[in-house]
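Worksheet: one structure, shown below.
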Amino acid sequence: MNITAWSALSPYGHTAADFTTGVRQRRATAAPVPGAHGQLGCLVPLFEPRTALGRKGTRHMNRVTALAVTAVGAVLDHLDHTEGGGQRGLDTALVLGTTTGSVQSMTDFTRSSLTGERPYDVEPGVIPNSVMNCAAAQCAIRHRIQGPNTTLAAGRTAALLGLLYARRLLRAGRARSVLCGGAEEYTTARAWLEARSRAATPPPPAGAPRLPGEGPPPSAAAFALLGEGAAVLRLTPADMTTAAPPLATVLAVETRHTPEGTDPAATVRATVTEALARSGVAADDVWAATGTGLDPAETRALDALFSRQVCGQLPTLGLLLGDTGAASAALQLAAVVASAGQAPGGHAVITSVDGQGVAAAAVLRMGEGV
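At position 309 of the sequence shown (counting the first as 1) the number is 316 in the numbering used here, and the numbers step up by one without a gap.
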């Protein structure tokens with residue numbers, strides 16, 4: 008399965024070129040959040056749905072939907088230019104990763120129902136925004152994508168799980184190409200929910216038993232700034248001829264879950280080891296290995312499998328862009344593609360770990376790059 012086009016909206020900017028420059032410079036993006044009384048975050052700069060997409064159909068559109076629609080549109084516009092169109096319709100599928108949809112839209116809808124004169128006194132236009140698959144649906148509607156439309160709620164691992172789903176769609180002949188990615192928004196509701204979720208998970212008391220090799224709690228995610236963004240990859244079968252050579256080839260994707268009471272680092276190591284075995288790539292042949300940077304078990308696993316040089320070839324995006332939730336793995340994939348020209352034909356390993364114990368790993372062979 009080949010990656011033949013991509014787009015990214017990130018705290019680095021609105022375009023793939025902005026993202027590529029930011030990744031190569033390893034630039035941090037933390038800045039004060041407007042109206043948040045000095046609170047820091049990693050937001051897509053100067054992004055507003057109506058500015059990015061126009062006035063039509065955006066009056067009630069939430070931020071995560073606008074990010075996803077813009078990212079999908081950027082990929083399709085690129086393909087229209089390079090391959091002459093034909094990327095819409097029944098032959099194109101969409102697989103979009105999310106965490107819970109838009110927390111802001113859900114809370115706004117609930118609040119209006121509770122505070123209105125009657126429970127059903129809500130603005131009808133905001134109802135679709137409260138549904139988890141709103142972003143994927145709007146992408147299909149606005150860009151005339153008529154193939155299978157799927158939303159995967161898997162948090163940080165969503166885009167890697169999306170690769171597995173996309174592969175099944177291609178193998179089953181349900182689509183000739185798949186747009187696969189993830190999107191996450193920064194909102195006050197998400198910031199509030201994340202802050203209370205982190206506060207509800209205190210470190211264990213001093214002297215409590217620790218798992219072998221387990222680092223000191225809490226994880227880096229407990230201190231990470233929140234970020235936002237979206238990234239979308241266009242995937243095609245390995246034997247499909249395209250106008251340009253593939254930017255990268257997905258050789259293997261593996262997922263596992265950490266059983267309660269076991270070492271999460273061991274789960275990540277096993278996931279990566281299995282992905283390497285399936286792809287036929289030895290650990291010594293890996294050019295770059297990159298994780299979210301938000302989970303100490305993930306970091307320990309990569310450090311145990313690869314050298315410091317391999318782990319440092321690509322920036323750790325979680326430390327630069329913040330916790331971008333469901334967009335994180337998609338942005339990691341985009342970073343590999345953006346860096347492919349540094350090691351044509353080399354191999355890269357991408358890992359992601361979600362707070363619910365899911366670990367995922369992908370092995371890519373890099374093409375000629377952008």
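For every residue, glycine included, the Cβ atom is placed at its ideal position computed from N, Cα and C.
Just so we're clear, the structure is a prediction, and the values are computed from it rather than from any experiment.
So residue i and residue j are supposed to be a Cβ contact under 8 Å. How far apart are they, rounded?
i           : j           : result
residue 69  : residue 109 : 4 Å
residue 76  : residue 153 : With 8 Å as the limit, residue 76 and residue 153 do not qualify as a contact, their Cβ atoms being about 16 Å apart.
residue 348 : residue 234 : Not a contact, Cβ separation roughly 25 Å.
residue 158 : residue 103 : 6 Å
residue 313 : residue 290 : 6 Å
residue 24  : residue 14  : About 10 Å separates the two Cβ atoms, so there is no contact after all.
residue 282 : residue 370 : 5 Å
residue 78  : residue 251 : The Cβ separation is near 20 Å, so there is no contact.
Under 8 Å, Cβ to Cβ, is there at least one residue of chain B near residue i?
i           : result
residue 293 : Among the protein chains of the structure shown there is no chain B, as only one such chain exists.
Considering only C-alpha positions, which residue in the set the options is nearest to residue i?
i           : options               : result
residue 288 : 348, 355 and 266      : 355
residue 372 : 346, 362 and 364      : 346
residue 21  : 60, 8, 9 and 38       : 60
residue 296 : 285, 309, 113 and 286 : 309
residue 321 : 237, 284, 250 and 33  : 33
residue 42  : 195, 285, 235 and 249 : 195
residue 89  : 342, 237 and 11       : 11
residue 148 : 278, 95, 249 and 8    : 95
residue 112 : 129, 272 and 97       : 129
residue 87  : 249, 35, 282 and 278  : 249
residue 306 : 271, 283 and 187      : 271
residue 265 : 57, 252, 67 and 304   : 304
residue 284 : 368, 350 and 101      : 368
residue 131 : 124, 142, 8 and 116   : 116
residue 142 : 179, 127, 67 and 98   : 67
residue 179 : 311, 155, 331 and 198 : 155
residue 331 : 198, 344 and 319      : 198
residue 98  : 323, 177, 311 and 200 : 177
residue 101 : 83, 29 and 203        : 83
residue 16  : 27, 9 and 8           : 27
residue 107 : 319, 30 and 201       : 201
residue 253 : 323, 45 and 344       : 344
residue 279 : 45, 340, 8 and 357    : 357
residue 339 : 8, 30 and 9           : 30
residue 9   : 58, 311, 187 and 323  : 187
Using beta-carbon positions only, say whether residue i and residue j come within less than 8 Å of one another.
i           : j           : result
residue 274 : residue 366 : yes
residue 374 : residue 255 : yes
residue 298 : residue 231 : no
residue 150 : residue 91  : no
residue 38  : residue 105 : no
residue 293 : residue 257 : no
residue 326 : residue 300 : yes
residue 236 : residue 18  : yes
residue 286 : residue 167 : no
residue 164 : residue 302 : no
| task | Flag this pair as touching only if the segment 181-199 and the segment 333-341 have three or more C-beta atom pairs under 8 Å; answer yes or no. | result | In short, these stretches touch, since the Cβ pair count reaches three.
| Runs of beta strand (DSSP E) wholly within the segment 322-363 (minimum 3 residues, chain order) | Complete beta strand (DSSP E) runs here, min 3: 354-360.
| task | Only counting runs of 3 or more residues, tell me where the beta strand (DSSP E) segments fall wholly within the segment 129-189, in order along the chain. | result | Segments of the beta strand (DSSP E) lying fully in the segment 129-189: 156-160.
| request: Evaluate contact between the segment 129-138 and the segment 58-76, counting only Cβ atoms and requiring at least three cross-stretch pairs below 8 Å. | output: Cβ pair count under 8 Å is three or more, so yes.
| field | At least 3 beta-carbon pairs within less than 8 Å: the segment 168-185 vs the segment 237-247 | value | Taking a cut-off of 8 Å for Cβ pairs, the segment 168-185 and the segment 237-247 touch, as three or more such pairs fall below it.
| query | Should the segment 163-177 be regarded as contacting the segment 255-267, the criterion being three or more beta carbon pairs within less than 8 Å? | reply | A contact is defined here as three or more CB-CB pairs under 8 Å, and the segment 163-177 meets this definition with respect to the segment 255-267.
| query | Three or more beta-carbon pairs under 8 Å between the segment 119-129 and the segment 38-54, yes or no? | reply | These segments do not touch.
| field | Ranges of the beta strand (DSSP E) found wholly within the segment 275-328, counting only runs of at least 3 | value | Those beta strand (DSSP E) runs which fall completely within the segment 275-328 and span 3+ residues are 293-297.
| said: In chain order, what are the residue ranges of uninterrupted alpha helix (DSSP H) at least 4 long that sit wholly in the segment 18-96? | reply: Taking only runs of at least 4 residues, the alpha helix (DSSP H) segments lying wholly in the segment 18-96 are 23-32, 56-60 and 70-90.
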